[in-house]
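Enquirer: Quick one: structure below, then a few questions.
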Amino acid sequence: MAKSKKKAETIFLVCEETGDYNYSYRRKPGGEKLRLLKYSARLRKRTWHNEKKK
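With UniProt numbering, letter number 50 in the sequence shown gets 50, and the count goes up by one each step, no holes.
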């Protein structure tokens, strides 16, 4: 039996403070949700961004 490979899916990082979709990543499904400090252009500072599927 051949195992099926997990295809990469596109996820977006959404700013907690403004709600803007600032970044997108392609990664394999599974694992924990991402929560990273990334730069927000609207606020001109680093803010927390959460993973969200569109």
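We put the beta carbon where it would ideally sit given N, CA and C, even for glycine.
What does a CB cutoff of less than 7 Å around Lys28 pick up in its chain, not counting 5 residues either side in sequence?
Expert: For the purposes of this step, residue 28 is taken as the residue at position 28 of the sequence shown. The residues are Lys6 and Ala8.
Enquirer: Quick one: what does DSSP say Glu9 is sitting in, helix, strand or coil?
Expert: For the purposes of this step, residue 9 is identified with residue 9 of the sequence shown, where counting begins at 1. Three-state result, Glu9: strand.
Enquirer: Less than 8 Å between the C-beta atoms of Ser24 and Thr47, yes or no?
Expert: Counting from 1 along the sequence shown, the entry for residue 24 is found at position 24. Counting from 1 along the sequence shown, the entry for residue 47 is found at position 47. Not a contact, by the Cβ cut-off of 8 Å.
Enquirer: According to DSSP, is Leu34 helix, strand or coil?
Expert: Within the sequence shown, the letter at position 34 stands for residue 34. Three-state result, Leu34: coil.
Enquirer: Short of 7 Å in beta carbon distance, which residues of its chain neighbour residue 78, apart from the five on each side in sequence? Order them along the chain.
Expert: A question about residue 78 goes unanswered here, because the residues of the chain that appear run from 1 up to 54.
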